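Presented below is the structure to which this report refers.
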Amino acid sequence: MEIFLSQVLPEAPRAAVIWLLLLAVVIAAAAAIGTDRGRSWFDGDGRIRRAALPDAPPAAATERQELTRYADEVTVAADRAGTAARRWRDQWSAAAEEAATAWVAYEMAEAQLRRLDATTALPAPRTPRTPAEYAERERHLHRSALAAYWRGDLTVAELSDVFAHRDGWDPRLHPVHQEVCLARRVRDSRAARHRAAVDREQAAWQEAEAAAVAARSLRQEAMEALARLTAAGGRAPEESAELLPWSTEPVGQPAARFV
Numbered sequence: 088m089e090i091f092l093s094q095v096l097p098e099a100p101r102a103a104v105i106w107l108l109l110l111a112v113v114i115a116a117a118a119a120i121g122t123d124r125g126r127s128w129f130d131g132d133g134r135i136r137r138a139a140l141p142d143a144p145p146a147a148a149t150e151r152q153e154l155t156r157y158a159d160e161v162t163v164a165a166d167r168a169g170t171a172a173r174r175w176r177d178q179w180s181a182a183a184e185e186a187a188t189a190w191v192a193y194e195m196a197e198a199q200l201r202r203l204d205a206t207t208a209l210p211a212p213r214t215p216r217t218p219a220e221y222a223e224r225e226r227h228l229h230r231s232a233l234a235a236y237w238r239g240d241l242t243v244a245e246l247s248d249v250f251a252h253r254d255g256w257d258p259r260l261h262p263v264h265q266e267v268c269l270a271r272r273v274r275d276s277r278a279a280r281h282r283a284a285v286d287r288e289q290a291a292w293q294e295a296e297a298a299a300v301a302a303r304s305l306r307q308e309a310m311e312a313l314a315r316l317t318a319a320g321g322r323a324p325e326e327s328a329e330l331l332p333w334s335t336e337p338v339g340q341p342a343a344r345f346v
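In terms of the working numbering, the sequence shown opens at residue 88 and continues consecutively.
Structural data, given as structure tokens:
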């Protein structure tokens, strides 16, 4: 025992140091392995995320996308505004033609009334005032009123007044005076029709002018948006070709004919 103790005890500190060094090496190796595994796991997760998510586009590409989207929207809006302007211009043209036609009809009725008024200056032919004569005058009035109604110069209500002998319609008047009364009603009816046509023409003209102004403004904005897109290296949308052919110039002036 003394020999064993004399030989082992002096070597005990050295052995302890060796065991401690070995233990430290083992602990360091285990820590390194655990760190590598964690780092590898985190790197794998990062690779999965990078594969699943797209790369962030560069600033220039994002700007081109925004410019392209805006150019598309404003181009479509300009094209629709141009279509609306053309539609209102067509409506104004139709209303102007209707007003012109109504004016010609009014002038014809006015001329007819002047001719009939001139005949009233002459003495009316003498006819026997018999029941047969008054019946013939009434039939003449009814035939003339019906003809005016089928021409569109009298309304249904006015024709009813004629047959009911209301509102100044007197079947006992001489046929010459009946024609003058009927011509005056026709003239007044055509005058009212012309005033209504002029009102519609003016309303259509205002709408056409407003639509033309809006279309020109959107067209200018669309052209500027396309210019910015081209300067940024983008490609103009195909709808931009619609900006060139149509015109939104002022459509003119409404009719100045009033009665």
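Where is the CB? At the ideal position from N, CA and C, for every residue including glycine. Small disclaimer: the values here were computed from a predicted structure and weren't measured.
*Return the chain-ordered list of same chain residues with a C-beta closer than 7 Å to the C-beta of L200, the five sequence neighbours on each side being excluded.*
A270, R271, R274
*asked:* Quick check on H281: buried or exposed, where buried means 16 or more other Cβ atoms within 10 Å of its Cβ?
replied: buried
_For F129, count the other beta carbons within 10 Å of its own beta carbon; 16 or more makes it buried, fewer makes it exposed. Which is it?_
The predicted model places F129 with a pLDDT of 45, which falls under 50 and marks its position as unreliable; any figure quoted below should be read in that light. It counts as exposed.
*Would you mind giving the Cβ-Cβ distance between P288 and A182, rounded to the nearest angstrom? I have them listed as a contact below 8 Å.*
The question names Pro, but residue 288 is Glu in the sequence shown. About 4 Å; that satisfies the 8 Å criterion.
*Between which two residues does the alpha helix (DSSP H) carrying W292 extend?*
262 to 318
_Among A309, S180, Q265, R156, nearest to E225 - alpha-carbon criterion_ = Q265
_Quick check on D204: buried or exposed, where buried means 16 or more other Cβ atoms within 10 Å of its Cβ?_
exposed
*So, are the CB atoms of A32 and A298 less than 8 Å apart?*
Here the chain covers residues 88 to 346 and nothing more, so residue 32 does not appear.
*What span of residues does the alpha helix (DSSP H) with W237 cover, start to end?*
218 to 238
*Of the residues A244, H252, L228, E184, the one placed nearest V267, counting alpha carbons only*: L228
*Going by Cα to Cα distance, which pick from D240, A244, A222 is closest to A189?*
D240
*For my contact list, A198 and R277 are in at a C-beta cut-off of 8 Å; report their separation, rounded to the angstrom.*
Actually they do not touch by this definition, with Cβ atoms about 11 Å apart.
*asked:* Here's a check: name, in chain order, each residue in its chain whose Cβ is nearer than 6 Å to the Cβ of A168, leaving out the five neighbours to either side.
replied: A301, A302, L305
_Option nearest A283 by Cα separation, candidates I114, D166, A186_ = A186
*Whole angstroms is fine: what's the gap from V285's alpha carbon to E194's?*
15 Å
*Could you give the DSSP three-state label for W175: helix, strand or coil?*
helix
*Kindly indicate which three-state DSSP category T155 falls into: helix, strand or coil?*
helix
_Taking the beta carbon of W179 as the centre, do at least 16 other beta carbons fall within 10 Å, making it buried, or is it exposed?_
buried
_6 Å Cβ shell around Y157 - same chain, five flanking residues per side excluded_ = A312
*Could you give the distance in angstroms between the alpha-carbon of D177 and the alpha-carbon of Q293?*
13 Å
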